[in-house]
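Read in my numbering, the sequence shown has 643 at position 187, and its numbers run on one by one without any break. Quick reminder that beta carbons are idealized off the backbone N, C-alpha and C, glycines included.
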Amino acid sequence: MAGMKPRVFSAMQPTSDSLQLGNYLGALVEWVKLQDTHDAIYGVVDLHALTVSPKPEVLRERTRRTAAQFLAAGVDPSRSAVFVQSHVHEHAELAWLLSTFTGFGEAARMTQFKDKSGALGESGTNVGLFTYPVLMAADILLYDTNVVPVGEDQRQHLELSRDLAERLNTRLGEGAVVVPEPHIVKETAKIYDLQEPDKKMSKSFSSPKGLIEILDDPKKVAKNIKSAATDSDTVIAFDRENKAGISNLLTIYSALTGRAVEDIVAEYEGKMYGHLKVDLADVVVEYLTPVHDRAMDWIESPDALDEVLADGAAKVQSIARETLARLYDRVGLVAPRPRS
Ligand code: ATP
Ligand code: LTN
C-alpha cells in the first residue's frame with residue numbers, strides 16, 4: 457500500500473539474566489537499524505521460554521530484563537512496539553491453527569528440536585519444544601510481517617514459517633497471510649563460543665567462560681576475551697576452518713568498530729594473539745558499558761518498563777486481532793455474534 461512502511465518483526469526468549477554478544481550482533485543491532493525504515497514490532501517471547509520449564513519468579517525477572525536490554529540497545533519505544541508475547545493472546549491461538557497445517561514429519565525435521573530433545577532424552581522433552589517453531593511462525597504471521605531479522609541458527613525455523621505462509625495462501629486463498637523474508641547479515645550471523653569456537657555462543661548452553669554477557673561485570677568480559685581459545689599457530693589471519701577462535705575474535709572486533717576485517721588483520725601483522733585479545737577486550741568493554749548502564753536503569757525502574765510493555769501490547773493488539781479474525785473466518789470458524 458502506498459506510503460506504508462514494510463513491517464519488521466523479531467523476538468527473543470527470556471531464557472537468561474543477560475543477553476549475550478551473539479544476540480546483540482546477530483540480531484539486536486539490525487533491529488535498531490530497521491526501525492528507521494520499517495514499522496517495527498519486537499517481542500519478548502515468554503511463552504517460548506516455558507518450553508525449558510523455568511522457575512516462575514525467574515521467568516518474570518528475565519522477561520523484564522530482556523525487554524530492558526532491547527531498550528538499552530537502542531530499540532526506541534516511540535518508533536517500535538516492544539511487547540511481551542503472552543500479553544497478546546492471539547499468538548497462542550494462531551499457533552493452534554497453524555499446528556493443524558504443519559506436518560508431523562515437517563516439525564520432526566527441525567534440527568534445533570532434534571538437538572534439544574536429543575540432549576534432554578524422551579522423558580525430558582515436552583511437546584512444547586516440538587511445536588516451538590509453530591508458535592514462532594504464529595508470532596511472525598500474526599503481524600503480516602515482511603522482514604524477520606535473526607541470526608543464522610533461526611534460518612530453518614524461518615523457512616518453516618515461509619512454507620506455512622505459502623500453504624495458507626494456497627489452501628485459504630491468496631492474501632491469507634504475508635510470506636516473510638529472513639534478514640540475516642552474513643558477517644555477524646553466527647558469533648561463536650569463546651571456549652568452543654566451533655559452536656555458537658548461546659545464553660543457555662555456553663559455559664560462563666565461553667560467553668560475553670551484556671550485563672556481566674566488565675572485568676569478567678575482559679577476562680573471558682583474554683582467555684579465549686585460539687590455535688597453536690601465531691599468525692593473525694581470518695580463516696574460519698583452521699583458525700576458528702581468531703576468526704571469531706576478528707569478526708567481533710570488526711562488528712564493534714565498523715572496520716573491515718582485512719584492515720584489522722593488516723594492523724596486527726607480526727603481532728601476537730595476546731595483543732589482539734587485550735585490545736579487543738578494551739573495545740568490547742567500551743562498547744558494552746553504556747548499554748549495560750542503560751539496561752540497569754530500566755531494570756531499576758520496573759514501573760516505567762511495564763508501561764512501555766503495556767503500550768507496546770496495546771499498539772500490536774489490533775493487528776493481531778484482525779489477522780486472527782481473518783484466518784478464523786477463512787478456515788470456517790463461526791464468528792461469535794456481538795451481543796446487544
Ligand atoms: P538459547 O541459548 O536460550 O536458545 P540464544 O542465546 O541462542 O538462546 P535466542 O533467544 O535463541 O538466543 O536468540 C535470539 C536471537 O539472537 C535470534 O535472532 C538468534 O538467531 C540470535 N543469536 C543467538 N545466538 C547467536 C549467535 N551466537 N550469533 C548470532 N546470532 C545469534
Ligand atoms: N526462536 C527464536 C525466538 C523467536 C523469534 C520469533 C524470532 C520466537 N519467535 C519470531 C523471530 C521471529 C530464537 O531466537 N530462538
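Exercise for the section: Can you grab the Cα-Cα spacing for the pair VAL702 / ALA770, in whole Å? Expected result: Sequence check: residue 702 is Ile here, not Val. Cα-Cα distance, rounded: 46 Å.
Handout entry: Whole-angstrom C-beta distance between VAL677 and PRO636, which should lie under 8 Å
Key = Between VAL677 and PRO636 the Cβ distance is about 34 Å, and since that is not below 8 Å, they are no contact.
Handout entry: Coil, strand or helix - PHE465 by DSSP
Key = strand
Practice task
Rounded to whole angstroms, what's the CA-CA distance from THR567 to GLY577? Just pull it up for me.
Solution key: 15 Å
Handout entry: Cβ shell of ALA791 (< 8 Å), same chain only, five flanking positions each side left out
Key = ALA781, TYR784, ASP785
Handout entry: Segment limits, alpha helix (DSSP H) that includes GLY607
Key = Note, GLY607: premise wrong, no alpha helix (DSSP H); not H, not E.
Exercise for the section: Return yes when the Cβ of ASP473 is within less than 9 Å of the Cβ of GLU756, no when it is not. Expected result: no
Handout entry: Through-space distance from LEU585 to HIS547, alpha-carbon basis
Key = 16 Å
Exercise for the section: Report yes if the C-beta of ASP609 is less than 8 Å from at least one heavy atom of the ligand LTN; otherwise report no. Expected result: yes
Practice task
Take every Cβ of the segment 760-768, pair it with every Cβ of the segment 685-702, and state whether three or more of those distances are shorter than 8 Å.
Solution key: no
Handout entry: Heavy atom of the ligand LTN within 8 Å of TYR588 beta-carbon
Key = yes
Exercise for the section: On a CA-only basis, which of LEU744, PRO758, PRO794, ASP753 is nearest LEU477? Give me that one, please. Expected result: LEU744
Practice task
Locate the beta strand (DSSP E) running through ILE497, then write down its first and last residues.
Solution key: 495-500
Problem - Helix, strand or coil at SER796 according to DSSP, with G and I counted as helix - result: coil
Practice task
Determine the DSSP secondary structure at GLU697, reduced to helix, strand or coil.
Solution key: coil
Practice task
Would you give the residue range spanned by the beta strand (DSSP E) that GLU539 belongs to?
Solution key: In the sequence on display, residue 539 carries Phe and not Glu. From DSSP, the beta strand (DSSP E) with PHE539 extends over 536-540.
Practice task
With distances taken Cα to Cα, identify the nearest neighbour of PRO758 among ASN479, ARG520, ARG463, THR644.
Solution key: ARG520
Exercise for the section: Give the straight-line distance between the Cα atoms of ARG565 and MET460, rounded to the nearest whole angstrom. Expected result: 37 Å
Practice task
For THR808, count neighbouring Cβ atoms within 10 angstroms of its own Cβ and tell me buried if that reaches 16, exposed if not.
Solution key: As displayed, the chain neither begins before 457 nor continues past 796, which places residue 808 out of reach and without an answer.
Practice task
Please go through the segment 575-615 and give each complete beta strand (DSSP E) segment of 3 or more residues, from N-terminal end onward.
Solution key: 603-605
Exercise for the section: Helix, strand or coil for GLN476, going by three-state DSSP, please let me know. Expected result: strand
Practice task
Check whether the segment 711-730 touches the segment 650-663, counting contact only when three or more Cβ pairs, one atom from each stretch, lie closer than 8 Å.
Solution key: no
Exercise for the section: Answer yes or no: the CB of GLN469 versus the heavy atoms of the ligand LTN, is any distance below 8 Å? Expected result: yes
Exercise for the section: Provide the residue span of the alpha helix (DSSP H) that contains HIS731, from first to last. Expected result: 729-755
Problem - Bridge-paired residues (DSSP) for LYS656 - result: TYR648
Problem - Status (buried if at least 16 other CB within 10 Å, exposed otherwise) for ALA716 - result: exposed
Handout entry: Of the listed residues THR471, GLN469, PRO533, ASN479, nearest to ALA496 (C-alpha basis)
Key = PRO533
Problem - Per DSSP, the bridge partner or partners of HIS639 - result: PRO605
Problem - Distance cut-off 8 Å: SER472 Cβ against heavy atoms of the ligand LTN - result: no
Problem - Proximity below 9 Å, CB of ASP609 to CB of LYS656 - result: yes
Exercise for the section: Mark GLU742 as exposed unless 16 or more other C-beta atoms lie within 10 angstroms of its C-beta, in which case mark it buried. Expected result: exposed
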